[in-house]
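A.B. asks:
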Amino acid sequence: MNAGSKVGFGISAASMTATWIWAASLYAAATSGYTFGVSGPLHYGLWGALMILFIYPFGKRIRSLAPDAHSLAEILHARHGSSSQLILAGSNIIGSILSLVSNYIAGGVLIAMLTPLNFSTGILVIAAGVLLYTLWSGLRASILTDFIQVCAMLLAVVILVPTIFHLAGGPDIFREGQGNLNQQQLSFFSSDAFFNQGAPYIAAVLAYAIGNQTIAQRLFAVRPDKIKATFVTATVGYGATVIGIGMLGVLALYLGIKPIDGDVNNLVPQLAASYLGAGLLSLFFILIIGAMASTADSDLSALSSIVMTDIYGRNIARPGKANPRLMLLLGRLTMVASTALAVYIASNRLNILELLVLVGAIWGALVFPVIASFYWRKVSNTAFSVAVLGALVSFFAVRFGFVALTGDTALLTDILSVIGVGVIAGLMAFGFWGARVGVLTGVIATVVSAPFGIGFLHTYPVLTASLLAYAVSAILCIGISLLRPDNFDFGLLARATGRFDITTN
Amino acid sequence: MLEAVDMMSYWMTAYVLVWPALVAVVLSVLVLSFIREWRAARKEGRAMI
Numbered sequence: 001m002n003a004g005s006k007v008g009f010g011i012s013a014a015s016m017t018a019t020w021i022w023a024a025s026l027y028a029a030a031t032s033g034y035t036f037g038v039s040g041p042l043h044y045g046l047w048g049a050l051m052i053l054f055i056y057p058f059g060k061r062i063r064s065l066a067p068d069a070h071s072l073a074e075i076l077h078a079r080h081g082s083s084s085q086l087i088l089a090g091s092n093i094i095g096s097i098l099s100l101v102s103n104y105i106a107g108g109v110l111i112a113m114l115t116p117l118n119f120s121t122g123i124l125v126i127a128a129g130v131l132l133y134t135l136w137s138g139l140r141a142s143i144l145t146d147f148i149q150v151c152a153m154l155l156a157v158v159i160l161v162p163t164i165f166h167l168a169g170g171p172d173i174f175r176e177g178q179g180n181l182n183q184q185q186l187s188f189f190s191s192d193a194f195f196n197q198g199a200p201y202i203a204a205v206l207a208y209a210i211g212n213q214t215i216a217q218r219l220f221a222v223r224p225d226k227i228k229a230t231f232v233t234a235t236v237g238y239g240a241t242v243i244g245i246g247m248l249g250v251l252a253l254y255l256g257i258k259p260i261d262g263d264v265n266n267l268v269p270q271l272a273a274s275y276l277g278a279g280l281l282s283l284f285f286i287l288i289i290g291a292m293a294s295t296a297d298s299d300l301s302a303l304s305s306i307v308m309t310d311i312y313g314r315n316i317a318r319p320g321k322a323n324p325r326l327m328l329l330l331g332r333l334t335m336v337a338s339t340a341l342a343v344y345i346a347s348n349r350l351n352i353l354e355l356l357v358l359v360g361a362i363w364g365a366l367v368f369p370v371i372a373s374f375y376w377r378k379v380s381n382t383a384f385s386v387a388v389l390g391a392l393v394s395f396f397a398v399r400f401g402f403v404a405l406t407g408d409t410a411l412l413t414d415i416l417s418v419i420g421v422g423v424i425a426g427l428m429a430f431g432f433w434g435a436r437v438g439v440l441t442g443v444i445a446t447v448v449s450a451p452f453g454i455g456f457l458h459t460y461p462v463l464t465a466s467l468l469a470y471a472v473s474a475i476l477c478i479g480i481s482l483l484r485p486d487n488f489d490f491g492l493l494a495r496a497t498g499r500f501d502i503t504t505n
Numbered sequence: 506m507l508e509a510v511d512m513m514s515y516w517m518t519a520y521v522l523v524w525p526a527l528v529a530v531v532l533s534v535l536v537l538s539f540i541r542e543w544r545a546a547r548k549e550g551r552a553m554i
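Sequences listed follow chains X and V, in order.
Residue numbers are given in the numbering used here: position 489 of the first sequence equals residue 489, and the series is strictly consecutive.
Take any residue in the second sequence, note its place counting from 1, add 505, and you have its number in the numbering used here.
#1: Would you report the Cα separation of Val388/X and His43/X, rounded to the nearest angstrom?
#2: Buried or exposed for Gly40/X, going by 16 or more other Cβ atoms inside 10 Å?
#3: When you check each C-beta in the region 393 to 409 of chain X against every C-beta of chain V, which residues fall closer than 8 Å?
#4: Please name the residue in Ala24/X, Pro162/X, Ala13/X, Gly290/X whose C-alpha comes closest to that of Leu276/X.
#5: Identify whether Val7/X lies in helix, strand or coil by the three-state DSSP scheme.
#6: When Cβ atoms are compared, which residues of the region 519 to 531 of chain V fall closer than 9 Å to chain X?
#7: Does the beta carbon of Ile159/X come closer than 9 Å to any beta carbon on chain V?
#8: Taking 9 Å as the threshold (C-beta atoms), are Ile111/X and Ile126/X in contact?
#9: Do Met335/X and Leu300/X come within 9 Å of each other at the CB atom, strictly closer than that value?
#10: Under DSSP, the alpha helix (DSSP H) around Asp261/X begins and ends at which residues?
#11: Secondary structure at Val307/X, three-state DSSP: helix, strand or coil?
#12: Taking only the alpha-carbon atoms, compute the straight-line gap between Ala474/X and Ile311/X and give it to the nearest angstrom.
#13: When you compare only the Cα positions, how much space is there between Gly122/X and Ala546/V?
#14: Residues of chain X with a CB under 8 Å from the CB of Glu542/V: which are they?
#15: Between Thr339/X and Ala13/X, is the Cβ-Cβ spacing less than 9 Å?
#16: Just verifying my parser: in three-state terms, what is the DSSP assignment at Val530/V?
#17: Quick one: list the residues of chain V neighbouring Leu154/X, beta-carbon separation under 7 Å, in chain order.
#18: My understanding is that Ala23/X touches Ala291/X, with C-beta atoms under 8 Å, so please give their C-beta distance in whole angstroms.
#19: With DSSP as the reference, identify every bridge partner of Val222/X, one or two as the case may be.
#20: Got a sec? Which residues, its chain only, sit under 7 Å from Ala410/X by beta carbon, not counting five neighbours each side?
#21: Could one say the Cβ of Arg314/X lies closer than 9 Å to chain C's Cβ atoms, at least one of them?
#22: DSSP three-state call for Leu531/X: helix, strand or coil?
#23: Please tell me whether Ile21/X and Ser282/X are closer than 9 Å, where the distance is taken between their beta carbons.
#24: What are the boundary residues of the alpha helix (DSSP H) that includes Ile55/X?
#25: When the Cα atoms are used, what is the spatial distance from Ile345/X to Ala106/X?
#26: Can a CB atom of chain V be found closer than 9 Å to the CB of Phe189/X?
#27: Within 9 Å of any Cβ in chain V, is that where the Cβ of Leu268/X sits?
#28: Measuring CB to CB, does Arg175/X end up less than 9 Å from Val510/V?
#29: Which first and last residues belong to the alpha helix (DSSP H) in which Tyr470/X is found?
#30: Quick one: list the residues of chain X neighbouring Met517/V, beta-carbon separation under 7 Å, in chain order.
#31: Taking Cβ-Cβ distances shorter than 9 Å, what residues in chain V pair up with Met247/X?
#32: Could you tell me which chain V residues have their CB closer than 8 Å to the CB of Ala14/X, listed as they occur along the chain?
#33: What is the rounded straight-line gap between the Cα of His80/X and the Cα of Ala496/X?
#34: Can you give the beta carbon distance from Leu468/X to Thr413/X, rounded, assuming they're within the 8 Å contact cut?
#35: Contact criterion: CB-CB distance below 9 Å. Does Thr241/X meet it with respect to chain V?
#36: Just confirm the distance between the C-beta atoms of Val268/X and Ile245/X, as a whole number of angstroms; I'd bet it's less than 8 Å.
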């Protein structure tokens with residue numbers, strides 16, 4: 001499940017980079033560049049990259065508390081019990097299934113565009129291929145293929161971006177195309193880009209990093225002395241790759257290119273098809289399929305790990321009596337069932353963006369309670385569960401318009417939103433510099449953002465809903481923990497996790 | 506004015522091309538590390554993963 005927790009730096013860093021780069025993220029970075037101009041790719045790729053770095057100190061702490069664990073949910077079971085564990089496992093499952101869906105759709109669309117096969121057949125071909133090689137050897141296959149895929153993807157970026165730039169006109173693009181951009185698009189400090197792309201993304205990606213089992217699984221697989229180097233390399237690799245592809249969107253904007261059928265997702269394939277010959281077009285195909293497959297196989301491995309460990313190992317099998325063969329069978333059946341479900345959903349072409357926003361919010365509600373549970377002994381199972389559920393209720397109410405953001409309600413959500421800004425900033429600082437700096441940063445961020453945010457943030461409901469999830473979960477978690485404190489001994493975590501390997505061996 | 510446009514064009518070109526250059530550096534670090542780890546694993550007679 002975790003490849004023995006002894007995977008070296010080269011493969012680990014490659015695997016983490018490959019897993020973090022979604023096929024959809026390559027398209028989205030270019031869309032961001034096309035929509036918001038020169039700062040657009042930074043507001044997509046830079047924040048996503050930094051989040052890998054920000055998750056590093058928390059990962060190191062969690063790994064030190066439970067060195068033999070297989071998943072975050074498994075550690076939460078040891079920390080709080082079944083309800084908290086199942087909340088996290090449930091969110092991991094939903095997230096991984098939707099990740100599979102979006103990646104299969106991205107792959108299916110590309111196959112339909114570049115081959116004689118139709119969309120549905122394209123999805124089936126891709127899903128079957130990924131399932132077969134992941135079934136072959138689980139995480140080992142996933143990590144090995146990640147390495148091959150990431151090399152192909154990075155090589156493609158190194159070749160394709162300069163080639164398209166050169167063939168599209170080189171530096172003259174900027175001299176001649178300046179008139180195609182408005183003032184916001186020409187600025188590196190565009191407020192439009194920050195509030196519509198950067199800010200919601202910061203909130204969502206921090207949540208993704210905590211809630212997504214694929215990153216956690218790699219965290220538990222890498223050799224302990226190589227965790228830092230792995231995370232730093234993955235940060236730079238992801239950022240440069242995604243921002244690099246995002247530059248194609250900026251070039252399209254300068255060139256005055258209109259996306260086919262008005263769909264901005266067509267931009268990158270459109271540029272590739274316009275400027276590249278057959279050979280380089282094949283390289284582009286490998287880039288997108290590699291990005292898609294590396295994430296999809298990671299999701300399958302993560303899903304099987306959750307079912308084997310969190311559902312069967314911790315909730316069905318009697319303590320110390322987990323059957324390794326049954327566990328493996330369940331893991332494989334999970335992969336098959338997940339693939340079938342993802343293919344079914346993908347074939348209906350649901351709105352991926354709405355689904356992903358939903359998952360982002362679920363994970364956003366988890367971030368503070370999960371992190372607090374591994375640092376603060378007072379956090380109880382009740383505090384964790386009520387905080388997460390309360391945050392989800394507030395998110396749904398605002399995100400889907402059940403509550404109108406007017407009058408006093410708008411004022412209340414604005415106040416909570418600036419607290420949410422403080423929670424996010426505080427968590428980032430806390431990871432690297434400890435509790436005192438974290439609290440201070442959170443307070444400063446809240447105070448500084450209050451004059452600008454109150455009376456303003458509710459005009460951005462997607463951002464408000466995400467910030468509410470952070471604020472409400474933090475307030476409830478801290479409040480209940482202070483009123484009815486637990487007194488957990490963190491030394492118990494190492495002894496209570498990762499016993500399946502002992503049984504297996 | 507023309508000089509300002511040329512400078513902007515120069516910096517924008519650097520801005521676009523610096524990312525693939527960074528990717529090339531990361532790619533070489535990954536490949537070299539992989540080769541080093543593969544050799545070490547072979548020498549010690551163990552699997553890489």
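C-beta atoms are modelled at their ideal positions from N, C-alpha and C, and glycine is treated no differently.
C.D. replies: This is what the structure gives:
#1: Within the first sequence, residue 388/X is the residue found at index 388, counting from 1. Within the first sequence, residue 43/X is the residue found at index 43, counting from 1. Going from the Cα of Val388/X to the Cα of His43/X covers about 28 Å.
#2: Position 40 of the first sequence holds residue 40/X. It counts as buried.
#3: none
#4: Taking the first sequence and counting its residues from 1, the one referred to as residue 276/X is at position 276. Checking every option, the nearest Cα to that of Leu276/X belongs to Pro162/X.
#5: Counted from its first residue, the first sequence places residue 7/X at position 7. Here Val7/X carries a strand assignment [DSSP, helix/strand/coil].
#6: Taking 9 Å as the Cβ-Cβ cut-off, the region 519 to 531 of chain V approaches chain X at Tyr520, Val521, Leu522, Val523, Trp524, Pro525, Ala526, Leu527, Val528, Ala529, Val530, Val531, given in chain order.
#7: By one-based count along the first sequence, residue 159/X stands at place 159. Interface residue (Cβ-Cβ distance to chain V less than 9 Å): Ile159/X is classified as such.
#8: Numbered from 1 along the first sequence, position 126 holds the residue referred to as residue 126/X. Numbered from 1 along the first sequence, position 111 holds the residue referred to as residue 111/X. Yes.
#9: Here residue 300/X is taken as the residue at index 300 of the first sequence, counted from 1. Here residue 335/X is taken as the residue at index 335 of the first sequence, counted from 1. Met335/X is positioned such that its CB atom lies closer than 9 Å to that of Leu300/X.
#10: In the first sequence, the residue the question calls residue 261/X occupies position 261. Segment: none, Asp261/X is in no alpha helix (DSSP H) and carries neither H nor E.
#11: The count along the first sequence starts at 1 and reaches residue 307/X at position 307. Helix, per DSSP.
#12: Here residue 474/X is taken as the residue at index 474 of the first sequence, counted from 1. Here residue 311/X is taken as the residue at index 311 of the first sequence, counted from 1. Roughly 27 Å between the two C-alpha positions.
#13: Translated into the one-based positions of the first sequence, residue 122/X becomes position 122. Translated into the one-based positions of the second sequence, residue 546/V becomes position 41. About 38 Å.
#14: Residue mapping note: residue 542/V aligns to position 37 of the second sequence, counting from 1. Here the neighbours are Gly8, Phe9, Gly10, Ile11.
#15: Taking the first residue of the first sequence as position 1, residue 339/X is located at position 339. Taking the first residue of the first sequence as position 1, residue 13/X is located at position 13. For Thr339/X and Ala13/X, no; Cβs fall outside 9 Å.
#16: Here residue 530/V is taken as the residue at index 25 of the second sequence, counted from 1. In the structure shown, Val530/V sits in a helix (DSSP, three-state: H, G or I).
#17: Residue mapping note: residue 154/X aligns to position 154 of the first sequence, counting from 1. Here the neighbours are Val528, Val531, Leu532.
#18: As a first step, residue 23/X must be located in the first sequence, where it is residue number 23. As a first step, residue 291/X must be located in the first sequence, where it is residue number 291. A Cβ-Cβ separation of about 4 Å places Ala23/X in contact with Ala291/X under the 8 Å criterion.
#19: Your numbering for residue 222/X matches position 222 in the first sequence. For Val222/X, which the question treats as bridged, DSSP gives the partners Val7/X.
#20: Against the first sequence, residue 410/X aligns to sequence position 410. Around Ala410/X: His458.
#21: Given the protein chain composition of this structure (X and V), no chain C is represented.
#22: The requested residue 531/X is not part of the displayed model; chain X covers only 1 to 505.
#23: For the purposes of this step, residue 21/X is taken as the residue at position 21 of the first sequence. For the purposes of this step, residue 282/X is taken as the residue at position 282 of the first sequence. Their beta carbons are not under 9 Å apart, which means Ile21/X does not touch Ser282/X by this criterion.
#24: Within the first sequence, numbered from 1, the residue matching residue 55/X stands at position 55. Looking at the DSSP string, the run of the alpha helix (DSSP H) that includes Ile55/X is 40 to 65.
#25: Counting from one through the first sequence, the residue named residue 345/X turns up at place 345. Counting from one through the first sequence, the residue named residue 106/X turns up at place 106. Their backbone Cα atoms lie some 13 Å apart in a straight line.
#26: Along the first sequence, one-based indexing puts residue 189/X at 189. Residue-level contact check: Phe189/X does not touch chain V, since none of the beta carbons of chain V fall below 9 Å from its beta carbon.
#27: As a working note, residue 268/X is residue 268 in the first sequence. In the sequence on display, residue 268/X carries Val and not Leu. Val268/X does not count as touching chain V.
#28: Within the first sequence, the letter at position 175 stands for residue 175/X. Within the second sequence, the letter at position 5 stands for residue 510/V. Contact: yes.
#29: Residue numbering aside, residue 470/X sits at position 470 when the first sequence is read from its first letter. Residues 461 to 483.
#30: The sequence position of residue 517/V within the second sequence is 12, counting from 1. The contacting residues are Phe174.
#31: On the first sequence, residue 247/X is found 247 positions in, with the first residue counted as 1. Residues of chain V passing the Cβ test: Tyr520, Val521, Leu522, Trp524, Pro525.
#32: As a position in the first sequence, residue 14/X is number 14, starting the count at 1. Leu535, Phe539, listed in chain order.
#33: Here residue 80/X refers to the residue found at position 80 of the first sequence. Here residue 496/X refers to the residue found at position 496 of the first sequence. The alpha-carbon atoms of His80/X and Ala496/X are separated by roughly 12 Å.
#34: For this step, residue 468/X is matched to residue 468 along the first sequence. For this step, residue 413/X is matched to residue 413 along the first sequence. In this structure, Leu468/X and Thr413/X form a Cβ contact; the two beta carbons are roughly 6 Å apart against a cut-off of 8 Å.
#35: Your numbering for residue 241/X matches position 241 in the first sequence. Yes, contact with chain V.
#36: Counted from its first residue, the first sequence places residue 268/X at position 268. Counted from its first residue, the first sequence places residue 245/X at position 245. So it is a contact: roughly 7 Å between Cβ atoms.
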